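Quick note: the first sequence, position 75, residue 72 per our numbering, numbers continuous. Don't be surprised by glycine CBs; every beta carbon is placed ideally from N, CA and C. As the structure is a prediction and not an experimental result, all values here were calculated from the model. Here is the structure we will look at, set down as structure tokens.
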Amino acid sequence: MAADQHFFERVYEVAKKIPYGRVTSYGAIARYLGAGRSARMVGYAMNASHSMPEIPAHRVVNRKGLLSGRHHFAGTNLMQQLLESEGVEVQEHQVVHFESLFWDPLSELQGDR
DNA sequence: CATGTGACAAAAC
DNA sequence: TGTTTTGCCACAT
């Protein structure tokens, strides 16, 4: 049920739930939405997040912990600055200890929504 | 209305 | 084991 709701809307909801100092991957969100392989859509949704200032897109990185979307931010290094500001170590546009900081909605939200 | 693109990921070879 | 190809679905042109 509610499987055909707006995909983007769901992505935004999950993205807003990303806790401070944490990061997640597009695929994790996609899987949480039940899309599994629609990780591309998650990234695309982030692209539309320009109208959603409440979307911490800087906390969303690819599966490698790489700040794939840094180029879409205002400043080339803005995304990294934001993450470091939250205590997330970022080197070479990649999140350090990504696995430790990884926030999985499947585990954290655990079917809450 | 049809085609192409895209902030990824995983399966296939 | 690394590289290549497909999948995914919405939005832009």
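With DSSP run on the structure shown, which of helix, strand or coil describes residue i?
i	result
leucine 75	helix
phenylalanine 70	coil
serine 104	helix
leucine 63	strand
histidine 47	helix
serine 97	helix
serine 82	helix
Taking the straight line between their C-alpha atoms, what separation do you get for residue i and residue j?
i	j	result
leucine 80	glycine 24	19 Å
leucine 106	glutamate 83	21 Å
alanine 32	phenylalanine 5	12 Å
histidine 47	glutamate 89	25 Å
glycine 72	glutamine 78	9 Å
Do residue i and residue j have their CB atoms nearer than 7 Å?
i	j	result
valine 20	proline 102	no
> With a cut-off of 8 Å, do at least 3 Cβ pairs link the stretch 91 to 100 to the stretch 60 to 68?
Replying inline: The stretch 91 to 100 is in contact with the stretch 60 to 68.
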